[in-house]
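Here's the structure we're looking at; comments come further down.
Number of protein chains: 2
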Amino acid sequence: MALRHYTLDFNLSAPADCPTTVHGLQSIFQEQEMTETVHDTEGHGYLATFIGKNGRLVVLRVPAHGLLTIDLQCCEGDNIVQVENLLNTLEKKLRSLLHGNIKRVKRLPALTRGAAVDRYWPTADGRLVEYDIDRVVYDEDSAYQNIKIMHSQQFGNILILNGDVNLSESDLPYTQAIMGRGKENYAGKEVLILGGGDGGILAEAVKLNVYIDQMVIDGCRTHMRKACGSVLDNLKGECYQVLVEDCVPVLKKYVEEGKMFDYVINDLTAVPISTAPEEDSTWEFLQLILDLSIKVLRPAGKYFTQGNSANLTDTLALYEEQLGRLSCPVDFSKEVVCVPSYMELWVFYTVWKK
Amino acid sequence: MALRHYTLDFNLSAPADCPTTVHGLQSIFQEQEMTETVHDTEGHGYLATFIGKNGRLVVLRVPAHGLLTIDLQCCEGDNIVQVENLLNTLEKKLRSLLHGNIKRVKRLPALTRGAAVDRYWPTADGRLVEYDIDRVVYDEDSAYQNIKIMHSQQFGNILILNGDVNLSESDLPYTQAIMGRGKENYAGKEVLILGGGDGGILAEAVKLNVYIDQMVIDGCRTHMRKACGSVLDNLKGECYQVLVEDCVPVLKKYVEEGKMFDYVINDLTAVPISTAPEEDSTWEFLQLILDLSIKVLRPAGKYFTQGNSANLTDTLALYEEQLGRLSCPVDFSKEVVCVPSYMELWVFYTVWKK
């Protein structure tokens with residue numbers, strides 16, 4: 001059972017006549033047969049709750065100055081037209097009561113809390129965004145993570161791993177960015193992809209793919225076909241091989257064997273799911289992968305990877321510091337890219353041996 | 001004075017032991033010296049408000065089944081670490097009290113209500129999105145509309161007209177889309193731009209620009225230079241002229257004079273601000289502009305315009321219907337484009353004479 005939560009806020013430009021304002025609204029709540037409880041705020045203005053039928057609740061704050069707020073909650077199945085009419089009536093009444101004393105009126109789109117289809121997936125930099133998600137296509141826990149594939153009206157299916165938006169079927173700009181933005185010629189080259197269980201990169205090129213979570217591959221093969229095409233239907237094709245294994249031992253084996261690649265594309269999720277058993281911190285794990293990746297890179301080879309949100313400048317600076325501490329000296333460039341379903345700009349890195 | 005509003009929601013998989021759950025939480029509120037008021041919900045489960053110092057308020061709903069919700073409000077200037085610790089304590093306690101009966105825990109990024117810098121600008125299809133806006137650069141009312149220019153960490157300055165995000169300094173994809181995505185050769189051509197007061201298109205090409213709101217031009221000239229460059233510094237350049245006038249009489253004059261253009265780019269705001277005095281509905285106004293624009297288009301000319309959010313399929317269908325009702329028969333194509341600061345995909349149209 002979900003809850004719809006409406007907010008309506010008035011920024012005041014001068015002190016309000018608190019009793020008159022409150023009195024003007026009370027009649028509206030009485031008409032709705034809502035029961036008022038006035039709370040003692042120890043001088044922080046008028047604060048009351050109004051309880052109505054069917055779990056309806058209004059919280060009304062009328063401070064002497066500053067910000068007047070209304071919260072209106074109703075349960076799923078309540079009459080939405082009635083509820084929105086109540087809010088319209090309150091807004092109209094307040095606009096008239098506070099006439100000349102209003103700096104800003106803000107009414108946000110209602111929050112839907114606890115709904116079967118969760119539309120709120122915050123950005124990496126912690127902002128609230130509501131997606132146009134209309135159904136859950138796939139929702140399973142693997143041994144490693146929660147794997148959701150949800151349908152968005154505009155983006156098609158979206159892969160969400162442990163609450164992080166990973167890739168949507170509209171996110172070709174992500175795949176292009178992590179493959180060097182069309183400036184590379186992959187023909188006849190040997191490419192190592194770490195992660196990329198969604199098959200997006202593999203579908204764009206490819207030779208060899210290393211990934212550990214078979215269930216991500218299974219979910220994407222069925223539900224993200226606009227991103228992965230048919231490449232995940234078979235784990236081995238004419239010119240590629242998908243290894244469903246931990247990439248660290250595989251990389252170590254390549255280093256031992258002296259096996260090298262023209263391109264290494266690190267498409268592991270931005271924050272590693274688990275750092276065990278190799279190292280005890282996320283950053284040390286990242287460093288380990290990075291070091292091994294550069295070791296299997298041919299002298300003229302390129303290493304491509306995603307960074308993080310363009311806004312997480314501290315995180316990005318830490319990563320760039322790491323690039324200076326590899327066993328082999330490297331140079332790097334970075335690019336800021338708009339990935340449609342991310343709702344934030346994303347940084348991608350190209351790294352090469354000095 | 002702003003209000004921070006936290007939410008914490010638990011979806012339950014089975015009926016909860018309501019009295020035990022409530023009892024387990026009450027001690028936490030007592031420690032915080034918050035005063036409990038239990039409300040009569042007529043059988044809709046436990047609902048209580050807790051009032052603390054400094055205007056702190058908690059609303060707790062513990063229904064017999066379905067969704068347990070917590071709202072926590074605190075005023076600007078309250079100790080945020082303390083407030084978030086309280087929420088952490090409540091979450092931890094509930095995870096233990098409801099152990100084995102939790103389908104989902106959702107804690108959204110806190111809403112900041114009534115802040116000096118408003119970060120919430122809903123999409124055209126009505127979804128809640130929080131921008132990374134950190135300051136107000138410009139905020140003025142012209143005779144026609146409210147003009148805001150706000151600074152976003154990732155997008156640079158954003159032009160917001162009457163609450164609608166119009167263009168950010170990162171939105172070159174918008175300008176490219178409304179100019180035909182680099183497939184047109186503008187050299188030596190005559191181009192008529194309607195709207196476009198932000199100067200983005202003019203900076204990319206141009207000959208002549210018709211716009212009515214001098215204040216948008218003034219604000220953008222100063223604060224949107226990454227979008228408009230220096231083209232708005234003078235209203236007349238070697239190969240362009242900016243007319244700060246209502247575009248309808250100008251278009252009518254061109255029709256009378258038989259003046260024609262190779263390209264007409266309609267960059268008026270998506271929904272006209274006012275339809276007066278020409279016609280009495282927004283759609284009739286759009287139709288008027290469209291009809292006049294096609295009339296001044298050379299036989300091989302192209303008319304470019306933005307449509308609306310890709311999700312507003314009904315609105316787009318209405319517009320396409322209009323295209324079939326012009327005095328001169330036309331064909332059209334459309335393209336869906338990701339405009340970085342829009343947080344939603346946007347449809348652009350190309351229209352030409354049959």
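Read top to bottom, the protein sequences are chains A and B. Count the first sequence with the UniProt record's numbering and you get residues 1 to 354, in order. Count the second sequence with the UniProt record's numbering and you get residues 1 to 354, in order. Quick reminder that beta carbons are idealized off the backbone N, C-alpha and C, glycines included.
- Look at A:PRO299 here: in three-state DSSP terms it is strand.
- Boundaries of the beta strand (DSSP E) harbouring A:ASP267: 261-267, taken from the DSSP string.
- Taking a Cβ-Cβ cut-off of 8 Å, the neighbours of B:ILE51 in chain A comprise HIS39, ASP40, THR41 and LEU47, given in sequence order.
- In this structure, the CA atom of A:SER170 is about 17 Å from the CA atom of A:VAL136.
- Contacts with chain A (Cβ-Cβ distance below 8 Å) from the segment 227-240 of chain B involve no residue at all.
- The alpha-carbon of B:ILE133 is positioned some 41 Å away from that of A:GLU33.
- With a cutoff of 8 Å on beta-carbon distance, A:LYS106 and B:ASP118 are scored as near each other.
- If you look at A:GLN73, you'll find it in the beta strand (DSSP E) that goes 67-75.
- By the criterion of a C-beta distance shorter than 8 Å, B:VAL296 is surrounded in its chain by LEU192, LEU251, TYR254, VAL255, LYS259, MET260, PHE261 and VAL264, once the five residues flanking it on both sides are discounted.
- Counting along the chain, A:ASN88 sits inside the alpha helix (DSSP H) bounded by residues 80-97.
- Its chain contains GLY156 and GLU169 as the residues whose beta carbon lies nearer than 7 Å to that of B:LYS226, once the 5 sequence neighbours on both sides are disregarded; these appear in chain order.
- Among the bridge pairs identified by DSSP, B:LYS334 is matched with B:TYR349.
- Comparing C-alpha distances from A:GLY188 to each of A:LEU167, A:GLU238 and A:LEU312 shows the shortest one belongs to A:GLU238.
- Collapsing the DSSP output to three states places B:LEU161 in a strand.
- At a C-beta separation below 7 Å, B:ALA2 has these neighbours in chain A: LEU67.
- Each of B:LEU318, B:GLY196, B:ILE178 and B:GLY219 was checked against the Cα of B:TYR138, and the nearest Cα belongs to B:GLY219.
- Residue range 18-31 is occupied by the alpha helix (DSSP H) that includes A:PHE29.
- For B:ILE294, the three-state secondary structure derived from DSSP is helix.
- When CB distances to chain B are screened at a threshold of 9 Å, the residues of the segment 320-338 of chain A falling below it are VAL336 and CYS338, in chain order.
- Our two residues, B:LEU57 and B:PHE50, have alpha carbons roughly 6 Å apart in a direct line.
- In this structure, the beta-carbon distance from B:TRP121 to B:VAL165 falls below 8 Å.
- The C-beta separation of B:GLY180 from B:PHE304 comes to about 6 Å, placing the pair in contact by the 8 Å criterion.
- Among the residues of chain B, those whose CB is under 9 Å from the CB of A:VAL59 are THR49, LEU57, VAL59, ASP71 and GLN73, following chain order.
- Counting only the Cα atoms, B:GLY301 lies some 12 Å from B:PHE332.
- In this structure, the CA atom of B:GLN154 is about 36 Å from the CA atom of A:VAL62.
- A:GLY307 and A:VAL347 have their C-alpha atoms some 5 Å from each other.
- When beta bridges are read from the DSSP output, B:HIS44 appears opposite no residue.
- In this structure, the CA atom of A:GLU140 is about 21 Å from the CA atom of A:LEU235.
- In terms of beta-carbon proximity, A:ASP118 lines the interface with chain B, with at least one pair separated by less than 8 Å.
- Counting along the chain, B:LEU60 sits inside the beta strand (DSSP E) bounded by residues 57-62.
- Taking a Cβ-Cβ cut-off of 8 Å, the neighbours of A:ASN11 in chain B comprise GLY114, given in sequence order.
- For A:VAL250, the uninterrupted alpha helix (DSSP H) run begins and ends at 247-257, by DSSP.
- Collapsing the DSSP output to three states places A:GLN287 in a helix.
- Interface criterion not met: the Cβ of A:LEU159 is under 8 Å from no Cβ in chain B.
- Contact holds between the segment 70-84 of chain A and the segment 2-22 of chain A, because three or more Cβ pairs, one in each stretch, are under 8 Å apart.
- Excluding residues up to 5 positions away in sequence, TYR120 and PRO122 lie with their Cβ nearer than 7 Å to the Cβ of A:LEU128 in the same chain.
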